[in-house]
Structures are given as C-alpha cells and as structure tokens.
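Just so we're aligned: the sequence shown equals residues 150 to 297 in my numbering. Here the structure comes first, spelled out in structure tokens, and everything after it is commentary.
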Amino acid sequence: MESNYQVLSLLFKYFGVSEYAKGANPTILAWIRKYFPKAKDDNDYSWCSIGLISILSENERFKQQILESRIDPMARSWLRLPSDVFEAQPGDIVILSRGTGLSGHVGVFLGENFNNKNQINLIGCNQSDSVSIASFDKSRILGVRRLI
C-alpha cells in the first residue's frame, strides 16, 4: 500500500494543472511531445494516459513497471500491468471504457462517490481538461491495476 500513497502524492503534486483557454500549457505540451513531437496544442490530444505516464515516471520504480508493461498513450494499455486487483484501494489505477470501440480513460482511484454508490471518484489527467477529480460510473470499469 505504500506504493499507492506514492502514486497519490505524485498526482496531487500536479493537481490543477490544466489546458489554457488560448495557447498550450507548456507542462502538458511537454508530456504530449514525448509521444507526438510535432504537437502544437495540448487540446488536440487525449492526454489522460500520457499525463499519468509522465507523472508516475518521476518514480523510478513506477517508470520501470510502465516501460516493462509497454504502457502507451492509449488508456487501455494500462490493462497490460500484471497486477490485477480484485478490490480497488486508493492509489490503484482504474481503466474505464469510453463509448464504443477501443477508446478509454484511465485515472487513479480515490474512493466510492459519497452521494452515488454507483460511481467512483478518480484523480486523473485530462478530466475537464485538467488534472482533477471526477466521478465515473462503476459500470465503465474495465480493470484495476496496482503499481508495486
């Protein structure tokens, strides 16, 4: 569980980082350019997975797990982490579906939504164009993983 606290600590360090109304946020754009070097604007890319990779890679142990599991800009790539979790704990990685097809979203579990037991709260990237907390329906959960 210590690693879960480290995950949360890293994410909260970037809490509130958001896209700009005009121009690109240099932090987000730098994250995106690791994968798309010619990117000019941060709102042209889904950066939930990109941001999570960038933030969590500040921890060398997490970075190694991300590299070994071949995590990429697609949110569903987080399903490749080998540590499948039966019951989510704060700090676990949650992979969600988004509509039909292969689209998805990834964030970090904070807990069940107090007002709606059918939802969970995640801190994540590109939630309302920022690193923020948002609620999602439990029915969208594809998997839960833990960095160790």
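Using N, Cα and C, we set each Cβ at its ideal position, and we do this for glycine too.
- Going by C-alpha positions, Gly273 is about 10 angstroms away from Val243.
- DSSP links Gly253 through a beta bridge to Ser246.
- Taking a 10 Å sphere around the C-beta of Phe235, we find fewer than 16 other C-beta atoms and assign the residue as exposed.
- The beta carbon of Arg295 lies closer than 6 angstroms to those of Ser232, Val234 and Asp241 in the same chain, with the five residues before and after it left out.
- Take Leu157, set aside five residues on each side of it, and the residues of its chain with a beta-carbon closer than 6 angstroms to its own are Gly240, in chain order.
- Bridge pairing for Ser279: Ser167 and Gln276 [DSSP].
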